[in-house]
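Report on the following structure.
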Amino acid sequence: MRRLLRYLYSQGASYSTYCAEITEVMLESPLFKTLTSEGRVHTLAMMIKAATSMERVDTIRLLIAHGARVDDDTVMQLALKQADAAAVQVLAESGVSWLTYPHMKSDFCGHSTVARLLVRNGLDVQVKGDESSSVHIAALDQNVETLLVWLEEGYADVDVQCYGEKTPLTFAVTDCRYGNEEVRLQIIQTLPEYGADVRLRDFGGATVMFHALVLQDEAVVEMLIKAGADLCVRDEQNHSPYDRLMVTDSGQAFVNAHPQYFHPSSDRYQVESKIDATIPVMTL
């Protein structure tokens with residue numbers, strides 16, 4: 053009987069005229085009422101997923117009223133991936149517990165309108181998953197609009213640290229180098245403007261300036277200098293960016309081309325200055 057109902061529903065769902073009225077007729081049918089409690093739950097779950105994928109808000113409302121469970125996060129994932137704000141609103145109004153599921157955030161990072169809607173309906177953007185927070189994901193996905201929603205309306209922690217004690221700013225500096233460079237630089241500029249601490253260190257003791265120098269990223273180095281980052285940095289093993297760069301030809305070339313970045317903290321310059329000070333000045 054469940055198979056027959058599923059067949060009838062899928063046949064109805066295949067037509068553009070499908071609407072809540074058709075679903076209501078099916079829900080009131082003797083066929084549906086003869087299902088076991090478990091059978092009804094299963095059938096309603098199947099129906100609400102189909103209605104969500106079709107973006108039929110009227111049908112979603114009806115199914116929720118008839119007891120369809122929306123705590124199954126696959127329902128929300130369908131709405132999020134389609135950026136269906138109306139469907140998301142209906143699901144959010146149902147008061148489901150997935151508003152605190154951290155892994156849901158990656159599904160709507162590309163849709164600031166949906167992100168804003170969920171924040172206003174109680175989404176906890178402070179919750180972290182196993183690896184990253186909402187702000188990390190927005191930075192990694194290079195979605196400035198969603199990032200601003202988290203920071204301005206969700207009051208997210210701009211310095212939240214995930215695996216490796218990386219902040220969103222660390223993500224932007226080190227993990228987003230192969231995306232849109234213009235957007236990446238915009239994010240790196242935006243995060244300190246919202247209070248990101250450029251002095252924080254990751255698990256290895258490196259700051260974002262340390263990473264930027266080792267990566268030979270001149271544009272980012274200049275931005276971090278303006279944000280107050282210190283050029284005199286060392287990691288947990290007491291290595292400076294200069295130490296890391298001098299082991300490769302490209303690194304040496306970067307050091308030679310940008311002595312202003314390394315003079316304050318370079319052991320080489322400190323040693324040379326001490327030697328120069330011991331040489332007597334020749335007078336004629």
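Counting in our numbering, the sequence shown runs from 53 upward without gaps. For every residue, glycine included, the Cβ atom is placed at its ideal position computed from N, Cα and C.
Does DSSP classify residue i as helix, strand or coil?
i    : result
F262 : helix
Q268 : coil
V171 : helix
S292 : coil
L283 : coil
P154 : For P154, the pLDDT reaches just 48, beneath the cut-off of 50, and the residue's location in the model is therefore unreliable, leaving the point undetermined.
S325 : In this prediction, S325 scores a pLDDT of 37, lower than 50, which makes its location untrustworthy; the coordinate-derived value is nonetheless stated afterwards. Three-state result, S325: helix.
L200 : helix
V235 : helix
T111 : helix
T86  : coil
G119 : coil
M3   : Coverage of the chain is limited to positions 53 through 336, which leaves residue 3 absent and any answer about it impossible.
T125 : Note that residue 125 corresponds to Asp in the displayed sequence, not to Thr. Here D125 sits in helix by DSSP.
Y246 : coil
Y215 : helix
Quick one: using the 10 Å Cβ neighbour count with 16 as the cut-off for buried, is residue i buried or exposed?
i    : result
N308 : exposed
N195 : buried
V250 : buried
C284 : exposed
S164 : buried
A281 : buried
Hey, could you find the ends of the alpha helix (DSSP H) residue i is sitting in?
i    : result
S302 : D301 to A309
S52  : The structure shown does not extend to residue 52, since the chain is modelled only from 53 through 336, so no value can be given for it.
L79  : A72 to L79
R253 : Unbroken run through R253: none, as it is neither H nor E.
A138 : A137 to E145
M298 : No alpha helix (DSSP H) holds M298; DSSP gives it neither H nor E.
V225 : P220 to T226
Can you check whether the CB of residue j is closer than 7 angstroms to the CB of residue i?
i    : j    : result
Q268 : F314 : no
E107 : A135 : no
L243 : L221 : yes
S185 : V212 : yes
F223 : H263 : no
D287 : G247 : no
L265 : P293 : yes
W202 : V235 : no
N173 : A144 : yes
A190 : L169 : no
Roughly how far, in whole angstroms, is the beta-carbon of residue i from the beta-carbon of residue j, given that I think they are within contact range, below 8 angstroms?
i    : j    : result
I113 : V93  : Sequence inspection shows Arg at residue 113; the Ile mentioned does not correspond to that position. Their Cβ separation, rounded to whole angstroms, is 18 angstroms, which puts R113 and V93 out of contact at 8 angstroms.
I100 : V77  : In fact, because the Cβ distance is near 17 angstroms, the residues do not count as touching under 8 angstroms.
M97  : A120 : First, the residue type needs correcting, since residue 97 is Ala and not Met in the sequence shown. Going by Cβ atoms, the distance from A97 to A120 rounds to 7 angstroms, so yes, they are a contact pair.
T75  : L115 : 7 angstroms
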